[in-house]
Amino acid sequence: MSEQKPVQWASKIGFVMAAAGSAIGLGAIWKFPYVAGTNGGGAFFLIFVLFTILLGYPLLVGEFIFGRRNQTNAIDAYKKEAPRSAWFLTGWIGVAACFLVLSFYSVIGGWILLYIVKTASGSLSGLSQAQYGSLFASIIQNPVQTLAAQLVFMVLTVIVVARGVQKGIERVSAVMMPILFLLFILLVLRSLTLNGAMEGVKFLLVPHFGDLTPESILFALGQAFFTLTLGVSVMVTYSSYLPKTQNIPRSAASIVLMNIIVTLLAGLAIFPAVFSFGFQPNEGPTLLFTVLPAVFEQLPFGTLFFIGFLVAFLFAALTSAFSMVEIIVATIGKGDEKKRKKLSWTSGLLIFLVGIPCCLSYGVLSDVHLFGKTFFDIADFTVSNVLMPSGALLISLFIPLKISKSELLAEMRNGSNAGKAFFYTWFYLLRFIVPLAIIIVFLNLIGILSF
Numbered sequence: 249m250s251e252q253k254p255v256q257w258a259s260k261i262g263f264v265m266a267a268a269g270s271a272i273g274l275g276a277i278w279k280f281p282y283v284a285g286t287n288g289g290g291a292f293f294l295i296f297v298l299f300t301i302l303l304g305y306p307l308l309v310g311e312f313i314f315g316r317r318n319q320t321n322a323i324d325a326y327k328k329e330a331p332r333s334a335w336f337l338t339g340w341i342g343v344a345a346c347f348l349v350l351s352f353y354s355v356i357g358g359w360i361l362l363y364i365v366k367t368a369s370g371s372l373s374g375l376s377q378a379q380y381g382s383l384f385a386s387i388i389q390n391p392v393q394t395l396a397a398q399l400v401f402m403v404l405t406v407i408v409v410a411r412g413v414q415k416g417i418e419r420v421s422a423v424m425m426p427i428l429f430l431l432f433i434l435l436v437l438r439s440l441t442l443n444g445a446m447e448g449v450k451f452l453l454v455p456h457f458g459d460l461t462p463e464s465i466l467f468a469l470g471q472a473f474f475t476l477t478l479g480v481s482v483m484v485t486y487s488s489y490l491p492k493t494q495n496i497p498r499s500a501a502s503i504v505l506m507n508i509i510v511t512l513l514a515g516l517a518i519f520p521a522v523f524s525f526g527f528q529p530n531e532g533p534t535l536l537f538t539v540l541p542a543v544f545e546q547l548p549f550g551t552l553f554f555i556g557f558l559v560a561f562l563f564a565a566l567t568s569a570f571s572m573v574e575i576i577v578a579t580i581g582k583g584d585e586k587k588r589k590k591l592s593w594t595s596g597l598l599i600f601l602v603g604i605p606c607c608l609s610y611g612v613l614s615d616v617h618l619f620g621k622t623f624f625d626i627a628d629f630t631v632s633n634v635l636m637p638s639g640a641l642l643i644s645l646f647i648p649l650k651i652s653k654s655e656l657l658a659e660m661r662n663g664s665n666a667g668k669a670f671f672y673t674w675f676y677l678l679r680f681i682v683p684l685a686i687i688i689v690f691l692n693l694i695g696i697l698s699f
């Protein structure tokens, strides 16, 4: 019996698009605008960019090197590098985090789908901001609609993952990501033509450091790590499909740059329009669902622009969801492509079932609380405050401790001409600065460290 050919990306650009799709998700488009809006705007964005480059980039390069070096799923990669140790649990942390993320991530994906349908049907036209808030509340409290939309989101995700790395994830990401960029550029151009738009531009791009608080700096640090899908071994899995000819430092730089650009475009699409019509940028997590419809309602052809925004939002959510299902399938299937379809559908069904309490947290289960939190909040807190920072810390410690400098340098130089100065800068950032930053974020998130 011939040995099964290892799965690989069909092209270098295909990998970059897929990995960028994983990184550019709800964190960049949904979370960033409201976090920036409540934490100082331009100063927050500047700190976020600096942290993304100085901390997120080194960890991303590390995950790429580790994944490509071992050419297997994350758990087996840890076992290869550190046999007879408990380091493989780091991979399981990533699998658990992805599973749990999608249990509530798919709920938000369902909301996006519902808003696309309702916007296209005209149900969101002619309402006041207060009415948009009431409409959003009524939508997320409807168990039948939200569960059906959540299921559709998971089905769309599984259909792509079940088709495989090349024919599914890579091919669809290569279409979705350019469209996402194009839609955002059109939205930004429209937003910047509004009267008073420059106030929104200044809010996003002109830093007023007096607006920064220690807490907002920590938020920017956490945002830098988690918008790149770091700490859950997704990038370890994606890079395991890389050929040795891929230039890892350049690919990681492309993904970091694309993530920053989309985050910037999201801000430039939202804040100028919000300021132009006199709304506040600090509305919180519901900004995209309650304020933006009211903003677009006042634009000529606003419905079309809002649908475009929602489609871009959906593409970002789906490409991130692909990567999370992929790490589960890759781990359980151990590279056996014959099992891919069955495992994809089974994983998708289980994620949907686990996500049902999250979906109902705003409706029939809204009064059910554990430790003072709804099921949705528990899933979000566990992933964002426990699993992701723990995984990121362990990965940043593991790579420089368990793989020698010479082997890391050799792996980095496969496909690139990285010099020793670049390598040692990266190595010491990863070994000392990144873990320290993660520990600070982690202690703040769990309430041990506060300012």
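In our numbering, the protein residues as written are 249 to 699. C-beta: ideal position from N, C-alpha, C; glycine also. The structure presented is a predicted model; accordingly, all values stated were derived computationally and were not measured.
Contact between the region 301–312 and the region 496–508 is defined here as three or more beta-carbon pairs at a separation below 8 Å; is this criterion met? yes
Whole-angstrom distance between VAL297 and GLY458, CA atom to CA atom: 18 Å
Pair within 7 Å by beta-carbon distance, LYS328 and ASN318: yes
Can GLN393 and CYS607 be called in contact, C-beta distance under 7 Å? no
Below 7 Å between beta carbons: does that hold for ALA345 and LEU635? yes
Per the DSSP calculation, LEU618 is bridged to which residue(s)? LYS621
How many Å lie between VAL539 and PHE671 at the Cα? 45 Å
Out of curiosity, what's the CA-to-CA distance linking ALA258 and GLY288? 42 Å
Top-ranked residue by Cα proximity to LEU642, from TRP335, GLU659 and LEU431: TRP335
If you measure between the beta carbons of SER524 and LEU613, is that distance less than 7 Å? no
Between the C-alpha atoms of GLU571 and SER654, what's the straight-line distance to the nearest angstrom? The amino acid at residue 571 is misidentified as Glu; the sequence shows Ser. In a straight line, the C-alpha of SER571 is about 30 Å away from that of SER654.
Taking only the alpha-carbon atoms, compute the straight-line gap between PHE537 and HIS617 and give it to the nearest angstrom. 24 Å
Cutoff 6 Å; reference ALA666; Cβ partners in own chain excluding five residues on either side: PRO497 and MET660
Checking 7 Å against the spacing of the C-beta atoms, do GLY342 and ALA322 come in under that value? yes
Flag ARG588 as yes if its beta-carbon sits less than 7 Å from any beta-carbon of chain C, otherwise no. The displayed structure is made up of one protein chain only, and chain C is not part of it.
Could you spell out where the alpha helix (DSSP H) holding GLU447 opens and where it closes? 445–453
Hey, how far is the Cα of ILE301 from the Cα of ILE688? 18 Å
Going by alpha carbons, who is nearest to VAL480 out of PHE624, PHE293, TRP340 and ALA685? TRP340
Which of helix, strand or coil DSSP assigns to ASP459: helix
Using CA atoms only, rank isn't needed, just tell me which of PRO541, PRO605 and LEU684 is closest to SER371. PRO541
Check whether the region 568–585 and the region 546–558 are in contact - that is, three or more C-beta pairs closer than 8 Å. no
MET446: buried (16+ other C-beta within 10 angstroms of its C-beta) or exposed? exposed
Please state whether the Cβ-Cβ distance between SER632 and THR622 is less than 7 Å. no
Leaving aside the five residues before and after SER664 along the sequence, list all residues of the same chain whose C-beta is less than 8 Å from its C-beta, in chain order. ASN495, ILE496, PRO497 and ARG498
Shortest alpha-carbon distance to THR405 belongs to which of TRP674, PRO281, VAL355 and LEU375? VAL355
Counted within 10 angstroms of its Cβ, other Cβ atoms place GLY448 as buried (16 or more) or exposed: buried
Give the C-beta separation of LEU656 and ILE313 to the nearest angstrom, bearing in mind that I take them to be a contact with Cβ-Cβ under 8 Å. 6 Å
Could you tell me which uninterrupted alpha helix (DSSP H) segments, each at least 4 residues in length, are contained entirely in the region 519–592, listed from first to last along the chain? 540–545 and 550–581
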